[in-house]
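Read the structure below first, then the notes.
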Amino acid sequence: MITIKKITKQIQTQKSVKVIANKAAILIPIITIDEHLQLLFQVRSKKLKWQPGDICFPGGRVEIVDYSPQHTAIRETYEELGIEANEITILGQLPKFMATLGMMIYPFVAEISSLNNLHLNPDEVEEIFTVPIDWFINNPPQIANMLIGYKPANNFPFDLLPDKAKKWQKRSEHQLYFYHYNNHVIWGLTA
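If you use our numbering, the sequence shown corresponds to residues -5 to 185, in order.
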């Protein structure tokens, strides 16, 4: 028989559940080319399952081997572009933020001393390019809205819940920025 005493004991002996949030770190690389500060972008490999061909900064998931998100950003930059840690000077960390799909992003701004030893990982990076920082100041982005929502699957038990819509439901709306630079479109979180 269930009693208040048994319930109380059960509550007191519960162990907390460790929740591992999805975390990622990115490096926003700045390099000086012809005396102009430029941002270094990469085009994701078309072999990738998630966002192939998109433009981004180097980065990725925080893994167990990483002792900090900053370490993740530096490690991923090396894995993707071959830029050694001694060629990266962290200038600072921008505020972390939650991406629309629930990933906590830790952005770091860094100066890259040289691209001489660059080795692109073809499994992750198609190509790289740079854009002068001044260009962004002089060229406002195109802005569009993205609707985020949900749609119940075909096997959802609508009959168990009152007044649940069977169609797509808007959850939130976000502005997205698009920069058109030469033949590249920089958009989303990267923009």
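C-beta: ideal position from N, C-alpha, C; glycine also.
Query	Result
Tell me Ile22's beta-bridge partners as DSSP assigns them.	Val103
Assuming contact is defined by CB atoms lying nearer than 8 Å, are Leu183 and Glu167 in contact in what I supplied?	no
I'd like the span of the alpha helix (DSSP H) that includes Gln4, first residue to last.	Ile(-2) to Gln6
Should Ile1 go down as buried or exposed, given a rule of 16 or more other Cβ atoms within 10 Å for buried?	exposed
Using the C-alpha atoms, what's the distance from Arg38 back to Asn139?	23 Å
Taking just the CA atoms, how far does Gln169 sit from Ile82?	32 Å
Which residues in the same chain have their Cβ closer than 6 Å to the Cβ of Tyr173, if we skip the five residues on either side of it in sequence?	Pro135, Ile180 and Ala185
Give the secondary structure of Trp181 by DSSP, where H, G and I count as helix, E and B as strand, and everything else as coil.	strand
Is any heavy atom in the ligand NAP found nearer than 7 Å to the beta carbon of Gly54?	Judged by which ligands are present, the structure shown has none, so any question about the ligand NAP falls away.
So, for Phe123: in the same chain, excluding its five sequence neighbours on each side, which residues have a beta-carbon less than 6 Å away from its beta-carbon?	Phe35
Mind checking whether Ile77 and Phe102 have CB atoms under 8 Å apart?	no
Among residues of its own chain, excluding the 5 on either side of Met97, which ones have a beta-carbon nearer than 8 Å to its beta-carbon?	Asn16, Lys17 and Ala18
From which residue to which residue does the alpha helix (DSSP H) around Pro63 run?	Pro63 to Leu75
Look at the alpha carbon of Ile(-4) and the alpha carbon of Ile58, and state the distance between them as a whole number of angstroms.	42 Å
Using DSSP's beta-bridge definition, name the partner residues of Phe123.	Phe35
Looking only at DSSP bridge pairs, what is Lys17 linked to?	Met98
If we count the other Cβ atoms within 10 Å of its Cβ and call it buried at 16 or more, is Pro89 buried or exposed?	exposed
Determine the contact status of Gln186 and Tyr72, defining contact as a CB-CB distance below 8 Å.	Within the shown structure, residues of the chain are numbered from -5 to 185, placing residue 186 beyond reach of any answer.
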